[in-house]
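A.B. asks: Here it is, the structure, as structure tokens.
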Amino acid sequence: MPFCPTGPWRPAPVWLARVVGRSDRPPPPGDPSALFARVPDPSFGWRAAIAAEQRDAVSPASEVDNAVDVVLRCEHLTRRFDDRVAVDDVSFQIVAGETYGLLGPNGAGKTTTIRMVCGLLRCDSGHVHIGELEMNSRALAAKARVGYVPQDIALYPDLTARENLEFIGRLYRLSGRTLRERVDEVLTLVDLAERRDDRVEAFSGGMKRRLNIAGGLLHHPALLVLDEPTVGVDPQSRHAILESVRTLGMGGMAILYTTHYMEEADRVCDRVGIIDRGRLVAEGTRRDLVSMLEEHDRIELSASGNLAAFVEACRRIDGIDGASLTDEHVQLLAREGRRLLPAVLEAAEHTGAAVQSVEVVEPDLEAVFLHLTGTALRE
Ligand SMILES: Nc1ncnc2c1ncn2[C@@H]1O[C@H](COP(=O)(O)OP(=O)(O)OP(=O)(O)O)[C@@H](O)[C@H]1O
Ligand SMILES: [Mg+2]
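Set out below in structure tokens:
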């Protein structure tokens, strides 16, 4: 059956082909992700609840979605806190083997979206489906298919890595040999096998983050949800985390990854959804998104002085379609950037800004964000 989208998402053939290609590819020999490449085994204690929910599951688009193995489907998610709309009509979907990044600044609504996806927060309106199962706070079968790695580390410092994982595994109703094997698997995957008997209080921030991720993988979820997994970690651990995510994606797991680091979204995500002030303002592959800016360049300046006035003056230049200021860095989105350089330098002189360096570079996701929202990701 041909794929026929039923929501407002944009499943361009480009990403569809890429995802199908990726999930068809077997993991390399000895790759621990092979362990996660199968459909999760829902046989750990919730069998009755799962059977009942599967019987009752109603999914109008399930026949269509099954054609491309949609693991997560979010439709029109909305959530308010008092008068503030934290998430506003957000729809997207993720297929098996695909890593989808929610990219947005602080307060954009990433964690709120994730909490609704995991059934931890009620939606004011909209629906979340994990496969054919609708998610809500009591949906045990749907929850059993999701591995959630929260933004804040949730580990016991005075237990060892192994003891922490055994504790988490028991919450997933794992026990005995299965539990021991799963603990070993995930410790190997996050490269902490040698530290399994060390207490977590002796771990670096990056090692704790990796162990936090391991906890979300114990029950072989179909969907792994990672909320800013690299915040505050050293470069080596960041690299290890990003590599683990790539490995899991290649093994067939669907991954929802939130970040406000453009480079991470670029490196690990097959598709990116850009979220700002609760709204999903664009989504697609990096190539799709950057092609929205076809005739634009990004001008990066380091400068000192009255930079707010300088940025305001730049915004008034014909051909500058976005300007932002982060610390002493000014970013401009310019049509034919090189042609506009003299006008930009003149604006610096008029406003008393001392320019130390100027660079005209190809547009990237940061430029897309600037184009769509008028601000920088980390402004
Ligand atoms: N429990 C809550 N009560 C009231 N407001 C909330 C609550 N949780 C989130 N918000 C508000 O909802 C908005 C979105 O918050 P959210 O935590 O989803 O953002 P985020 O994109 O995850 O940000 P960050 O990158 O800082 O983690 C913010 O304005 C936040 O203050
Ligand atoms: Mg958050």
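Just so we're aligned: 405 in the numbering used here is position 374 of the sequence shown, and the numbers increase by one with no gaps anywhere. Even glycine gets a Cβ: it sits at the ideal position worked out from N, Cα and C.
Collect the residues with a C-beta less than 5 angstroms away from any heavy atom of ligand 1 and give them in sequence order along the chain.
C.D. replies: Each of 112, 117, 137, 138, 139, 140, 141, 142, 143 has a C-beta closer than 5 angstroms to some heavy atom of ligand 1; these make up the full list, in chain order.
A.B. asks: Exposed or buried, what is residue 295 when buried is set at 16 or more other beta-carbons lying within 10 Å of its beta-carbon?
C.D. replies: Here residue 295 refers to the residue found at position 264 when the sequence shown is read from its first residue. Buried, by the Cβ-count rule.
A.B. asks: Would you call the stretch 138-153 in contact with the stretch 168-178, where contact means no fewer than 3 C-beta pairs closer than 8 angstroms?
C.D. replies: Counting Cβ pairs under 8 angstroms, three or more are found: they touch.
A.B. asks: Leaving aside the five residues before and after residue 369 along the sequence, list all residues of the same chain whose C-beta is less than 6 angstroms from its C-beta, in chain order.
C.D. replies: The residue given as residue 369 occupies position 338 in the sequence shown. So the list reads 391, once near-sequence residues are dropped.
A.B. asks: Take the Cβ of residue 198 as the centre, count every other Cβ of all protein chains shown within 10 Å, and call the residue buried at 16 or more, exposed below.
C.D. replies: For the purposes of this step, residue 198 is taken as the residue at position 167 of the sequence shown. Exposed.
A.B. asks: Which first and last residues belong to the alpha helix (DSSP H) in which residue 10 is found?
C.D. replies: Any answer about residue 10 is impossible in this case: the structure gives the chain only from 32 up to 410.
A.B. asks: Starting from residue 261, follow the alpha helix (DSSP H) in both directions and report where the run begins and ends.
C.D. replies: Here residue 261 refers to the residue found at position 230 of the sequence shown. That residue, residue 261, is in no alpha helix (DSSP H); it is neither H nor E in DSSP.
A.B. asks: State the Cα-Cα distance for the pair residue 264 and residue 251, rounded to the nearest angstrom.
C.D. replies: As a position in the sequence shown, residue 264 is number 233, starting the count at 1. As a position in the sequence shown, residue 251 is number 220, starting the count at 1. The C-alpha of residue 264 lies about 25 angstroms from the C-alpha of residue 251.
A.B. asks: Could you pull the DSSP bridge partners for residue 360 from this structure?
C.D. replies: Numbered from 1 along the sequence shown, position 329 holds the residue referred to as residue 360. Beta-bridge pairing links residue 360 to 333, 357.
A.B. asks: Just to confirm, does residue 289 get its C-beta within under 8 angstroms of one of the non-hydrogen atoms of ligand 2?
C.D. replies: On the sequence shown, position 258 is the one that residue 289 refers to. Answer for residue 289: yes, Cβ within range of ligand 2.
A.B. asks: What residue does the beta strand (DSSP E) around residue 287 start on, and which one ends it?
C.D. replies: In the sequence shown, residue 287 corresponds to position 256, counting from 1. 285-290 is the span of the beta strand (DSSP E), which, as asked, contains residue 287.
A.B. asks: Can you tell which of 249, 221, 218, 161 has its C-alpha closest to the C-alpha of residue 202?
C.D. replies: Here residue 202 is taken as the residue at index 171 of the sequence shown, counted from 1. The option with the nearest alpha carbon to residue 202 is 249.
A.B. asks: Taking the Cβ atom as the reference point for each residue, do residue 418 and residue 145 lie within a distance shorter than 9 angstroms?
C.D. replies: As displayed, the chain neither begins before 32 nor continues past 410, which places residue 418 out of reach and without an answer.
A.B. asks: Just the C-alpha distance for residue 381 and residue 388, rounded to the nearest angstrom, thanks.
C.D. replies: Stepping through the sequence shown from its first residue, residue 381 is reached at position 350. Stepping through the sequence shown from its first residue, residue 388 is reached at position 357. Residue 381 and residue 388: Cα-Cα distance of roughly 17 angstroms.
A.B. asks: Is the stretch 291-309 touching the stretch 392-408, taking contact as three or more C-beta pairs under 8 angstroms?
C.D. replies: yes
A.B. asks: Output the boundary residues of the beta strand (DSSP E) element that contains residue 313.
C.D. replies: Position 282 of the sequence shown, counted from the start, is the residue given in the question as residue 313. Per DSSP, residue 313 belongs to the beta strand (DSSP E) from 310-315.
A.B. asks: If you draw a straight line from the C-alpha of residue 304 to the C-alpha of residue 404, how long is it?
C.D. replies: Position 273 of the sequence shown, counted from the start, is the residue given in the question as residue 304. Position 373 of the sequence shown, counted from the start, is the residue given in the question as residue 404. Taking the straight line joining both Cα atoms gives about 13 angstroms.
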